[in-house]
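*Asks:*
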Amino acid sequence: MKMDFAFKLRSLLVKISHQGQKKLIFSFLILPSLLHANNLTLFISGGPHFPKLNQEQLVRMNSWVSTDYQSYQKNHWKGFWGGGFNHSFEKISKRFNLSLGLAGYSLDLGPVQGKVYPFINGGFFDALDYRFNARNYSLMAESRLTYANCNWQPFLLAGVGQAWNRLKNYTEITANFASSATPLSPGFSNHRHHNFAYELGLGLQHPLFEDKLHKISYLASLGYRYFNLGKARLNYLPEQTPSSQLGINNLHTQSIVFSIDVSFN
Numbered sequence: 629m630k631m632d633f634a635f636k637l638r639s640l641l642v643k644i645s646h647q648g649q650k651k652l653i654f655s656f657l658i659l660p661s662l663l664h665a666n667n668l669t670l671f672i673s674g675g676p677h678f679p680k681l682n683q684e685q686l687v688r689m690n691s692w693v694s695t696d697y698q699s700y701q702k703n704h705w706k707g708f709w710g711g712g713f714n715h716s717f718e719k720i721s722k723r724f725n726l727s728l729g730l731a732g733y734s735l736d737l738g739p740v741q742g743k744v745y746p747f748i749n750g751g752f753f754d755a756l757d758y759r760f761n762a763r764n765y766s767l768m769a770e771s772r773l774t775y776a777n778c779n780w781q782p783f784l785l786a787g788v789g790q791a792w793n794r795l796k797n798y799t800e801i802t803a804n805f806a807s808s809a810t811p812l813s814p815g816f817s818n819h820r821h822h823n824f825a826y827e828l829g830l831g832l833q834h835p836l837f838e839d840k841l842h843k844i845s846y847l848a849s850l851g852y853r854y855f856n857l858g859k860a861r862l863n864y865l866p867e868q869t870p871s872s873q874l875g876i877n878n879l880h881t882q883s884i885v886f887s888i889d890v891s892f893n
């Protein structure tokens, strides 16, 4: 039996390494059945988060003209929500509970605003104000280690997966009525950029009550979460000749997470 399990696990890891991220996520669905998971838990999560949108760059319009974009509103509190499921393996240790699962999240990253300096003029000529909005959708394969030998149960969490970062609604306006600068029309169009993402977190979990008749447990948790969501880009301008895009080079956020879990024993 042990040799059969080892062969199955080894075959699974080989497939993951050769076929990439989709197999990694798929493995989180079938691995619990191979390891004889005890409990299935469904959860919903949400809370405030504080995104940091690093965006300051030159965008080449053609071989001899570049434009400087400098954002001045980078940090602000926004909201997020998510949900998913996991399988736990309580028999691995009497004190610790390991769980593996999948989670999906939606994060409102808010607006990015700043100044446009055409021809990289550095303020010598009239500039424009610009703005666009950012949103993220993520699918994460998560692992959580919980110390379950007390009522207030500390846990550590890590996850990897795919992020879909969407930038949209780019607009420009003149900074004042006397400005000679002309807004782009049309401007950069909406675009969704997907890339690798990861998360790290910690927190406390507390049992609420247990329905012994139906073998269902209800739990609540409060924690901290760090998301690194990669980068995001707007589409090219119609008049652009080089492959240069306006976007966010390093998109990450820190959050306070409230969760309600329903565990089926």
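Whatever position you read off the sequence shown (first residue = 1), add 628 for the numbering used here. Note that beta-carbon positions come from the ideal geometry of N, C-alpha and C, so glycine has one too.
#1: Is it the case that the region 763-779 contacts the region 720-727, given that we only count it when at least three CB pairs across the two stretches are under 8 Å?
#2: Expressed to the nearest angstrom, what Euclidean distance is found between the alpha-carbon atoms of L735 and Y846?
#3: Answer with buried or exposed for T695, where buried requires no fewer than 16 other C-beta atoms within 10 angstroms of its C-beta.
#4: Could you compute how far the alpha carbon of A755 sits from the alpha carbon of W780?
#5: Out of L670, I801, P676, which has the shortest C-alpha to C-alpha gap to S606?
#6: Please report the straight-line C-alpha distance between A848 and G742, rounded to a whole angstrom.
#7: With S813 and N863 assumed to form a contact (beta carbons below 8 Å), what rounded beta-carbon distance in angstroms separates them?
#8: Under the DSSP definition of a beta bridge, which residues are partnered with T810?
#9: Quick check on E867: buried or exposed, where buried means 16 or more other Cβ atoms within 10 Å of its Cβ?
#10: Tell me whether S716 is buried or exposed, calling it buried when 16 or more other Cβ atoms sit within 10 Å of its Cβ.
#11: On the premise that L850 lies in contact with F913, defined as a C-beta separation below 8 Å, what is that separation, rounded to the nearest angstrom?
#12: Under 6 Å Cβ to Cβ from L767, same chain only, skipping five residues before and after it: list those, please.
#13: How many Å lie between G815 and Y798 at the Cα?
#14: On a CA-only basis, which of L681, R759, G875 is nearest P811? Give me that one, please.
#15: Quick one: residues in its chain with C-beta nearer than 7 Å to the C-beta of V744, no 5 flanking neighbours on either side, listed in chain order?
#16: Taking the C-alpha atoms as reference points, what is the distance between T802 and P746?
#17: Hey, out of L785, R820, K843, whose CA is closest to E827's CA?
#18: Find the nearest neighbour of A769 within the set C778, L668, K843, G712, judged by alpha-carbon distance.
#19: Roughly how many angstroms lie between the CA atoms of K796 and V687, to the nearest whole one?
#20: Would you give the residue range spanned by the beta strand (DSSP E) that F837 belongs to?
#21: Tell me the DSSP secondary structure of E867 in three-state form.
#22: Taking 7 Å as the limit between beta carbons, can you name the residues of its chain near V819, skipping five residues before and five after?
*Replies:* Taking the geometry as given:
#1: yes
#2: Within the sequence shown, numbered from 1, the residue matching residue 735 stands at position 107. Within the sequence shown, numbered from 1, the residue matching residue 846 stands at position 218. So the two alpha carbons sit approximately 25 Å from each other.
#3: Indexing the sequence shown from 1 puts residue 695 at position 67. Classification for T695: buried.
#4: Along the sequence shown, read from residue 1 onward, the residue named residue 755 stands at position 127. Along the sequence shown, read from residue 1 onward, the residue named residue 780 stands at position 152. Taking the straight line from one Cα to the other gives about 55 Å.
#5: The requested residue 606 is not part of the displayed model; the chain covers only 629 to 893.
#6: Numbered from 1 along the sequence shown, position 220 holds the residue referred to as residue 848. Numbered from 1 along the sequence shown, position 114 holds the residue referred to as residue 742. So the alpha carbons of these two residues sit roughly 40 Å apart.
#7: Translated into the one-based positions of the sequence shown, residue 813 becomes position 185. Translated into the one-based positions of the sequence shown, residue 863 becomes position 235. About 15 Å; that fails the 8 Å criterion.
#8: Mapped onto the sequence shown, residue 810 falls at position 182. Its beta-bridge partners do not exist; DSSP assigns none.
#9: Residue mapping note: residue 867 aligns to position 239 of the sequence shown, counting from 1. With fewer than 16 Cβ atoms within 10 Å of its Cβ, E867 is classed as exposed.
#10: Here residue 716 refers to the residue found at position 88 of the sequence shown. With 16 or more other Cβ atoms within 10 Å, it is buried.
#11: Here the chain has residues from 629 to 893 only, and residue 913 is not among them.
#12: The sequence position of residue 767 within the sequence shown is 139, counting from 1. These residues qualify, in order along the chain: G732, G789, Q790.
#13: Your numbering for residue 815 matches position 187 in the sequence shown. Your numbering for residue 798 matches position 170 in the sequence shown. Approximately 6 Å, taken between the alpha carbons.
#14: To locate residue 811, count along the sequence shown from 1; it is residue 183. Considering only alpha carbons, the answer is R759.
#15: Looking up residue 744 in the sequence shown gives position 116. The answer, listed in chain order, is T695, Y697, A755, L756, Y758, E800.
#16: Taking the sequence shown and counting its residues from 1, one reaches residue 802 at position 174. Taking the sequence shown and counting its residues from 1, one reaches residue 746 at position 118. Their backbone Cα atoms lie some 12 Å apart in a straight line.
#17: Taking the first residue of the sequence shown as position 1, residue 827 is located at position 199. Selected option, being the one with the closest Cα: L785.
#18: Reading the sequence shown from its first residue, position 141 is the one you call residue 769. Here the closest residue by C-alpha is G712.
#19: To locate residue 796, count along the sequence shown from 1; it is residue 168. To locate residue 687, count along the sequence shown from 1; it is residue 59. Computed Cα separation, rounded: 17 Å.
#20: Start at 1 with the first residue of the sequence shown, and residue 837 comes out as number 209. Element bounds for F837: 819-839.
#21: In the sequence shown, the residue the question calls residue 867 occupies position 239. Three-state DSSP puts E867 in coil, outside helix and strand.
#22: Counting from one through the sequence shown, the residue named residue 819 turns up at place 191. Contrary to the premise, residue 819 reads as His rather than Val in this sequence. L795, R861, L862, N863, listed in sequence order.
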